[in-house]
Amino acid sequence: MNIPNKLLAELKRAKSILFFTGAGISAESGISTFRGEHGIWNKLKPEELANFDAFMKNPDMVWEWYQYRRQIVDDSEPNPGHITIAEMQNHFENSTVVTQNVDNLHGRAGSKNILELHGNIERNFCIDCKTYYNSREFQFAEKHVPKCEKCGGLVRPDVVWFGEMLPAGVFEEAERKASESDICFIVGTSAVVYPAAYIPISAKQNGAYLVEINIELTNISDSVDCCLIGKAGEILPRIMEEYLTAIK
Ligand code: BJW
Ligand code: ZN
Numbered sequence: 038m039n040i041p042n043k044l045l046a047e048l049k050r051a052k053s054i055l056f057f058t059g060a061g062i063s064a065e066s067g068i069s070t071f072r073g074e075h076g077i078w079n080k081l082k083p084e085e086l087a088n089f090d091a092f093m094k095n096p097d098m099v100w101e102w103y104q105y106r107r108q109i110v111d112d113s114e115p116n117p118g119h120i121t122i123a124e125m126q127n128h129f130e131n132s133t134v135v136t137q138n139v140d141n142l143h144g145r146a147g148s149k150n151i152l153e154l155h156g157n158i159e160r161n162f163c164i165d166c167k168t169y170y171n172s173r174e175f176q177f178a179e180k181h182v183p184k185c186e187k188c189g190g191l192v193r194p195d196v197v198w199f200g201e202m203l204p205a206g207v208f209e210e211a212e213r214k215a216s217e218s219d220i221c222f223i224v225g226t227s228a229v230v231y232p233a234a235y236i237p238i239s240a241k242q243n244g245a246y247l248v249e250i251n252i253e254l255t256n257i258s259d260s261v262d263c264c265l266i267g268k269a270g271e272i273l274p275r276i277m278e279e280y281l282t283a284i285k
C-alpha cells in the first residue's frame with residue numbers, strides 16, 4: 038500500500054496527534070471484535086451481556102463471559118499496530134491514545150497518555166461499596182461471580198455497559214485532546230457507539246486532519262480526509278516507516 042504524500046506532509050507539520058482506537062486494532066492479537074463478520078455479537082446479544090440489568094438478572098453468566106475474555110486477553114500480546122502507535126507518540130509534542138478497548142494492550146505496548154473510555158477488564162469493583170479488585174485476585178476458571186470481602190456485594194468488571202456513563206472526566210479530557218489535535222487517526226472502530234464516536238467529530242470540527250485505518254468502510258469513512266483500507270498492524274508500521282524516511 039502506498040501512503041499518500043498529503044498524509045506524510047500533514048504528519049510532518051503536526052505537533053499534536055491523537056489515536057482513536059477500537060476493537061479492530063486488537064483483532065491481530067487474537068481478540069475478537071464486537072461487530073462484523075467475526076464479531077462476538079454475531080452469536081451473543083449485547084443486550085443480554087453488556088448492560089447492568091443483564092448482570093443483575095444473571096450475574097454468573099455475565100461474569101463467566103468476562104472471565105473467558107480475560108483469559109484470551111491474558112494470553113495475547115500487543116501487535117505491530119499497538120507497538121507502532123507507542124513509537125509514533127515519541128515523535129510529537131502532544132500525543133494521546135483515546136481507546137474504546139478494555140484490554141490494556143496499548144498500555145502493554147508502552148503507549149503513554151491513554152484515555153480508556155470504556156474502562157478496563159483488568160479491574161473490577163463492588164456494586165455496593167465500590168471497593169476495587171484486580172482481576173488477578175480471581176481465578177480465570179472461577180465461573181461464579183465473586184462477593185466483596187468487605188460488604189458481600191456483587192463484584193462486577195470495571196467496564197462501561199450500555200446505558201452507563203463513561204468514567205468521570207475521561208470523555209471530557211478526550212474531547213479536549215481531540216479538539217487540540219492536528220491529526221487524528223481512527224483505527225479499527227465501527228464508530229457506531231456514542232458518545233465515543235464524537236471524538237473524531239470533535240477533532241474534525243477543530244480542524245484536525247482525519248485518517249481512518251480499517252479493513253472496511255465504516256460510518257465515518259465519508260467524513261475523513263484519508264481512508265486507508267487494510268489491517269492496522271500492517272498499515273501503521275508502513276506509515277511510520279515512510280514518515281521516518283520523510284523527516285530524514
Ligand atoms: C479492523 C481490523 C484490523 C477488524 N485492522 N481494522 C442512539 C443514538 C446514539 C446513542 C445511543 C442510541 N441508543 C443508545 C445510545 C447510547 C449507546 C450507544 O451508542 N448505542 C449505539 C450502539 C446505538 N451508548 C451508551 O449507552 C454509552 N453510554 C451513554 O450513552 O451514557 C449516557 C447515558 C447514560 C444513561 C442513560 C442515557 C444516556 C455507553 C457505551 C458503552 C459501550 N460498551 C461496550 C462494551 C464494553 C465492555 C466490554 O468490552 O464488554 O464497548 S459496547 C462495545 O462497542 C465496546 C466497544 O468499545 C464499543 C465500540 O466497538 P468498536 O471498538 O468500534 O468495535 P466493533 O466491533 O464495532 O468494530 C471493529 C472495527 O474494526 C470494524 O469496523 C472492523 O472492520 C475493524 N477491523 N479487524 C483494522 N485488523
Ligand atoms: Zn463491597
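Quick note: the sequence shown uses this note's numbering, first residue 38, plus one each step.
We put the beta carbon where it would ideally sit given N, CA and C, even for glycine.
This one's a predicted model, so the numbers in the text were calculated from it and none came from an experiment.
Original post:
Around ligand 2, which residues pass a check of Cβ closer than 6 Å to any of its heavy atoms?
Top reply: C163, D165, C166, T168, C185, K187, C188, G190
Subject >> Span separating the alpha-carbon of S69 from that of N256 >> reply: As a position in the sequence shown, residue 69 is number 32, starting the count at 1. As a position in the sequence shown, residue 256 is number 219, starting the count at 1. Roughly 20 Å between the two C-alpha positions.
**OP:** State yes or no: is the C-beta of R72 nearer than 6 Å to some heavy atom of ligand 1?
**Re:** For the purposes of this step, residue 72 is identified with residue 35 of the sequence shown, where counting begins at 1. Yes, the Cβ of R72 comes within 6 Å of a heavy atom of ligand 1.
Original post:
So what does L81 bridge to, in DSSP terms?
Top reply: Start at 1 with the first residue of the sequence shown, and residue 81 comes out as number 44. According to DSSP, which records beta bridges pairwise, L81 is partnered with nothing at all.
**OP:** Take L45 and list the residues in its own chain whose beta-carbon comes closer than 7 Å to its own, dropping the five residues that flank it on each side.
**Re:** In the sequence shown, the residue the question calls residue 45 occupies position 8. The answer, listed in chain order, is E279, Y280, A283.
**OP:** Measuring alpha carbon to alpha carbon, tell me which of G190, L154, I252 ends up nearest Y235.
**Re:** The residue given as residue 235 occupies position 198 in the sequence shown. Of G190, L154, I252, the residue nearest in Cα terms is L154.
Subject >> ligand 1 heavy atom lying under 6 Å from the CB of H155 >> reply: Sequence index remark: in the sequence shown, residue 155 carries index 118 (1-based). The answer is yes for H155.
Original post:
Beta carbon of I250, beta carbon of I272: below 7 Å?
Top reply: Numbered from 1 along the sequence shown, position 213 holds the residue referred to as residue 250. Numbered from 1 along the sequence shown, position 235 holds the residue referred to as residue 272. Yes, the Cβ-Cβ distance between I250 and I272 is below 7 Å.
**OP:** Report yes or no: is there a C-beta of chain D within less than 7 Å of the C-beta of G147?
**Re:** Absent from the structure: chain D. Only one protein chain is present.
Original post:
If we ignore side chains and look at the alpha-carbon of each, how far apart do V196 and A205 end up?
Top reply: Against the sequence shown, residue 196 aligns to sequence position 159. Against the sequence shown, residue 205 aligns to sequence position 168. Cα-Cα distance, rounded: 13 Å.
Original post:
CB of A245 to nearest heavy atom of ligand 1: below 6 Å?
Top reply: One-based indexing of the sequence shown puts residue 245 at position 208. No, the beta carbon of A245 sits no closer than 6 Å to any heavy atom of ligand 1.
**OP:** For I120, name the three-state secondary structure that DSSP assigns.
**Re:** Position 83 of the sequence shown, counted from the first residue, corresponds to residue 120. Note: I120 maps to helix in three-state DSSP.
Original post:
So does N256 have its beta carbon nearer than 6 Å to some heavy atom of ligand 1?
Top reply: If you number the sequence shown from 1, residue 256 lands on position 219. Result no, Cβ not under 6 Å from ligand 1.
Original post:
Taking 6 Å as the line, does the beta carbon of V134 fall inside it for any heavy atom of ligand 1?
Top reply: Stepping through the sequence shown from its first residue, residue 134 is reached at position 97. V134: no, Cβ never under 6 Å from ligand 1.
Original post:
So, are the CB atoms of K187 and C221 less than 7 Å apart?
Top reply: Position 150 of the sequence shown holds residue 187. Position 184 of the sequence shown holds residue 221. No, Cβ-Cβ distance for K187 and C221 is not below 7 Å.
**OP:** Look at A240 and S258 and say whether their C-beta atoms are less than 7 Å apart.
**Re:** Within the sequence shown, the letter at position 203 stands for residue 240. Within the sequence shown, the letter at position 221 stands for residue 258. Not a contact, by the Cβ cut-off of 7 Å.
Subject >> Simplified DSSP assignment, three categories, for N157 >> reply: Working through the sequence shown from its first residue, we reach residue 157 at position 120. N157 falls in the strand class under three-state DSSP.
Subject >> Under the three-state DSSP convention, the category E279 falls into >> reply: As a first step, residue 279 is located in the sequence shown; it is residue number 242 there, counting from the start. In the structure shown, E279 sits in a helix (DSSP, three-state: H, G or I).
Original post:
What do you reckon, is the C-beta of M98 under 6 Å from a heavy atom of ligand 1?
Top reply: As a position in the sequence shown, residue 98 is number 61, starting the count at 1. No, the beta carbon of M98 sits no closer than 6 Å to any heavy atom of ligand 1.
Original post:
At what residues does the alpha helix (DSSP H) containing S132 begin and finish?
Top reply: In the sequence shown, counting from the first residue as 1, residue 132 sits at position 95. Looking at the DSSP string, S132 is not in any alpha helix (DSSP H); the run it does join, the beta strand (DSSP E), is 131-136.
**OP:** Using a threshold of 7 Å, state whether the C-beta atoms of A269 and G118 are closer than that.
**Re:** Locating residue 269 in the sequence shown gives position 232, counting from the first residue. Locating residue 118 in the sequence shown gives position 81, counting from the first residue. In this structure, G118 lies closer than 7 Å to A269 by Cβ.
Original post:
Just to confirm, are S132 and S66 a CB contact at a threshold of 7 Å?
Top reply: Residue numbering aside, residue 132 sits at position 95 when the sequence shown is read from its first letter. Residue numbering aside, residue 66 sits at position 29 when the sequence shown is read from its first letter. It is not a contact, given that the beta carbons lie outside the stated cut-off.
Original post:
For T226 versus G59, is the C-beta distance shorter than 7 Å?
Top reply: Taking the first residue of the sequence shown as 1, we reach residue 226 at position 189. Taking the first residue of the sequence shown as 1, we reach residue 59 at position 22. Contact: yes.
Subject >> Rounded separation between D90 and N42 - CA only >> reply: Here residue 90 refers to the residue found at position 53 when the sequence shown is read from its first residue. Here residue 42 refers to the residue found at position 5 when the sequence shown is read from its first residue. So the alpha carbons of these two residues sit roughly 50 Å apart.
Original post:
If we ignore side chains and look at the alpha-carbon of each, how far apart do E174 and N141 end up?
Top reply: Here residue 174 refers to the residue found at position 137 of the sequence shown. Here residue 141 refers to the residue found at position 104 of the sequence shown. Each residue's Cα considered, the two are about 17 Å apart.
Subject >> Delimiting residues of the beta strand (DSSP E) encompassing L45 >> reply: Here the question's residue 45 lines up with position 8 in the sequence shown. Careful: L45 lies outside any beta strand (DSSP E), inside the alpha helix (DSSP H) at 42-50.
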